[in-house]
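**Student:**
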Ligand code: PEP
Ligand code: MN
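Numbering (this note's numbering), first residue to last: 9 to 346.
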């Protein structure tokens, strides 16, 4: 349910409605807009008599939100969400580049990558310290040591850090190290993990599950937002289909419906989406053209020697070339790449 306040409603009237919602054992979510404030309500609203709220001073109307996801829906929040992080803003008008190796492998390659990215004007670096690998014998990531290296990279270069949290046990450590906490595709419906990150105050990059529908994905975002962490960034990384010409099928057709149904920013990961570095640039360009708010892309100083996902990683020269193309394509689309 959504309580729409009058455009002239005072802060006191807004606070009064918020309090009334709390007294009903429901959770209020004030949503300030350009013209007026609305207050989203989550919890078991079936027992609420809407008239109790309708009669309060400053209230214009009460709207029922029809979608099962409430806070993630555009019905409740008509304006696009902008996530402010690490000297940048993810959302309308911007095409955000989050680049870096699949995994933190050692300090040298991370510092080298961070310095290279900063020299290219990139503000956010991705790299996993905890890696979800299909095989238990594959490189599992450096864990806490990897996080320490990422923190050092931020301290020395000023780059923002995006890194994956795989289980609740390491939530404090990842929250401390990251500017954005990544939830991987395999954990999109790990509800205890989603609840845990809803309690952090860092933005959450929520990858789409390998076989998740759009509704399931937005419901996963809702878990994070229900805990009052409203900074969720969606990331399309390809889904499983019968196609065998690429690692996954990058579902760029999900972008327009995401934009219609939700106000959350959406990034595209062309690296996991294709699995092959030769296909990555075209899909990155296509993501920009299709209306995505940015990309999450794997870049490695020496991809052929990478400990994970080398085949889908661009080298520095390949990345520079792509960035130049993206900047040129962004211009007529009225977006700034950074
Ligand atoms: C990653 O970004 O390195 C990763 C493991 O991605 P996904 O969860 O999409 O497989
Ligand atoms: Mn990877």
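Ideal placement from N, C-alpha and C gives every residue a C-beta, glycine not left out. Being a predicted model, the structure only gives us computed values, none of them experimental.
Please state if the CB of residue 71 and the CB of residue 34 are separated by a distance shorter than 8 Å.
**Tutor:** As a first step, residue 34 is located in the chain shown; it is residue number 26 there, counting from the start. As a first step, residue 71 is located in the chain shown; it is residue number 63 there, counting from the start. Not a contact, by the Cβ cut-off of 8 Å.
**Student:** Looking at the ligand MN, does it come within less than 7 Å of residue 113, judged from the CB to the closest heavy atom?
**Tutor:** Mapped onto the chain shown, residue 113 falls at position 105. Distances between the C-beta of residue 113 and the heavy atoms of the ligand MN are all 7 Å or more.
**Student:** Suppose you measure from the CA of residue 190 to the CA of residue 214; what does that come to, to the nearest Å?
**Tutor:** Within the chain shown, the letter at position 182 stands for residue 190. Within the chain shown, the letter at position 206 stands for residue 214. Residue 190 and residue 214: Cα-Cα distance of roughly 6 Å.
**Student:** List the DSSP bridge partners of residue 134.
**Tutor:** What you label residue 134 is simply residue 126 of the chain shown in a count that begins at 1. 170.
**Student:** Hey, is the region 92 to 103 in contact with the region 329 to 345, meaning 3+ C-beta pairs nearer than 8 Å?
**Tutor:** yes
**Student:** May I ask you to report which of helix, strand or coil DSSP gives residue 262?
**Tutor:** Here residue 262 refers to the residue found at position 254 when the chain shown is read from its first residue. Helix at residue 262.
**Student:** In angstroms, rounded to a whole number, what distance separates the CA positions of residue 73 and residue 340?
**Tutor:** Sequence index remark: in the chain shown, residue 73 carries index 65 (1-based). Sequence index remark: in the chain shown, residue 340 carries index 332 (1-based). Taking the straight line from one Cα to the other gives about 36 Å.
**Student:** Just the Cα atoms here: how many angstroms apart are residue 195 and residue 63?
**Tutor:** Numbered from 1 along the chain shown, position 187 holds the residue referred to as residue 195. Numbered from 1 along the chain shown, position 55 holds the residue referred to as residue 63. Here the alpha carbons of residue 63 and residue 195 stand approximately 43 Å from one another.
**Student:** Which residue comes first and which comes last in the beta strand (DSSP E) that contains residue 215?
**Tutor:** Here the question's residue 215 lines up with position 207 in the chain shown. In this chain, the beta strand (DSSP E) harbouring residue 215 covers 212 to 215.
**Student:** Is residue 277 a contact residue of the ligand PEP, with contact defined as CB to any heavy atom under 7 Å?
**Tutor:** Taking the first residue of the chain shown as 1, we reach residue 277 at position 269. The answer is yes for residue 277.
**Student:** Going by CA-CA distance only, name the one from 38, 346, 295 that's closest to residue 19.
**Tutor:** Mapped onto the chain shown, residue 19 falls at position 11. With distances taken between Cα atoms, residue 19 lies closest to 38.
**Student:** Taking a contact to mean a Cβ-Cβ separation below 8 Å, would you say residue 278 touches residue 91 in this structure?
**Tutor:** Along the chain shown, one-based indexing puts residue 278 at 270. Along the chain shown, one-based indexing puts residue 91 at 83. Not in contact: residue 278 and residue 91 (Cβ atoms no closer than 8 Å).
**Student:** Which one of 307, 205, 290 has the shortest CA to CA distance from residue 176?
**Tutor:** Numbered from 1 along the chain shown, position 168 holds the residue referred to as residue 176. The option with the nearest alpha carbon to residue 176 is 205.
**Student:** In the DSSP assignment, the alpha helix (DSSP H) including residue 290 goes from what residue to what residue?
**Tutor:** Numbered from 1 along the chain shown, position 282 holds the residue referred to as residue 290. Start and end: 288 to 297.
**Student:** Run the CB neighbour count on residue 138, radius 10 Å, all protein chains shown included, and call it buried at 16 or more, exposed below.
**Tutor:** Taking the first residue of the chain shown as 1, we reach residue 138 at position 130. Residue 138 is buried by the Cβ-count criterion.
**Student:** Please state if the CB of residue 251 and the CB of residue 283 are separated by a distance shorter than 8 Å.
**Tutor:** On the chain shown, position 275 is the one that residue 283 refers to. On the chain shown, position 243 is the one that residue 251 refers to. Cβ distance not < 8 Å, so residue 283 and residue 251 don't count as in contact.
**Student:** To the nearest angstrom, report how far apart residue 165 and residue 132 are at their CA atoms.
**Tutor:** Counting from 1 along the chain shown, the entry for residue 165 is found at position 157. Counting from 1 along the chain shown, the entry for residue 132 is found at position 124. Those two C-alpha atoms are separated by around 11 Å.
**Student:** Among 281, 224, 322, whose alpha-carbon lies nearest the alpha-carbon of residue 266?
**Tutor:** Within the chain shown, residue 266 is the residue found at index 258, counting from 1. Of the candidates 281, 224, 322, the one whose C-alpha sits nearest the C-alpha of residue 266 is 224.
**Student:** So what's residue 331 in DSSP terms, helix, strand or just coil?
**Tutor:** In the chain shown, the residue the question calls residue 331 occupies position 323. The answer is helix: DSSP assigns residue 331 an H, G or I state.
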